[in-house]
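Accompanying notes for the structure given below.
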Amino acid sequence: MNAAVHKTLVVQLQAGGTADRFPVLAHLGYDAADPFALTVVFSHDGRVLARWTLDREMVGEGLTRPVGAGDVRLRPESHGMWDELRVELLGDDHSDGVRHHAVVFVWAAAVEAFLRETHAVVPPGEEEVGVDDFLAALAAEG
Numbered sequence: 021m022n023a024a025v026h027k028t029l030v031v032q033l034q035a036g037g038t039a040d041r042f043p044v045l046a047h048l049g050y051d052a053a054d055p056f057a058l059t060v061v062f063s064h065d066g067r068v069l070a071r072w073t074l075d076r077e078m079v080g081e082g083l084t085r086p087v088g089a090g091d092v093r094l095r096p097e098s099h100g101m102w103d104e105l106r107v108e109l110l111g112d113d114h115s116d117g118v119r120h121h122a123v124v125f126v127w128a129a130a131v132e133a134f135l136r137e138t139h140a141v142v143p144p145g146e147e148e149v150g151v152d153d154f155l156a157a158l159a160a161e162g
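Quick note: the sequence shown uses my numbering, first residue 21, plus one each step.
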């Protein structure tokens, strides 16, 4: 069985306080070695715009209700025929003190399909973290 899942989606980016949306690529990744996390790399014209690590369970919950606090907030949105996952990302401060802010809209069905693939690799509730290995590695560094 493959211990990793990858999917590339076209998503809609809304940034800079404008209502306009722009298509960008979102490269989703899941690795059983880090079973609670999903990675997302946003790119456009071959350039990486941002990298984020998200909690897998939180992404699933965000499909049905608002979740998150701090740097990542998720909530379902419906636009006519389309159900979307609204992902609000807050980044570092600009030089003028204003915080980077972006909103990404993802087709909910695509997120659900990706999560199903990750659940086939590591079912929810069966995630394991090698705490002893992690502590041993930390001790070896010190």
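Cβ coordinates follow ideal geometry from the N, Cα and C atoms, glycine included.
Identify every residue that forms a DSSP beta bridge with residue i.
i	result
residue 51	24
residue 134	According to DSSP, which records beta bridges pairwise, residue 134 is partnered with nothing at all.
residue 161	Answer is none; residue 161 lacks a bridge partner.
residue 95	106
By DSSP, does residue i sit in helix, in strand, or in coil?
i	result
residue 42	strand
residue 57	strand
residue 145	coil
residue 100	coil
residue 67	strand
residue 76	helix
residue 35	strand
How should residue i be labelled, buried or exposed, when 16 other C-beta atoms within 10 angstroms of its C-beta is the threshold for buried?
i	result
residue 138	buried
residue 161	exposed
residue 82	buried
residue 42	exposed
residue 76	buried
Since residue i and residue j are thought to touch, with beta carbons under 8 Å apart, how far apart are those beta carbons, to the nearest angstrom?
i	j	result
residue 109	residue 124	7 Å
residue 38	residue 59	Wrong, their Cβ atoms sit about 27 Å apart, outside the cutoff.
Could you pull out every residue in the same chain whose Cβ sits closer than 7 Å to the Cβ of residue i, ignoring the five residues on either side in sequence?
i	result
residue 147	55, 56
By Cβ distance, which residues of its chain are closer than 6 Å to residue i, with the 5 residues on each side in sequence left out?
i	result
residue 47	28, 61
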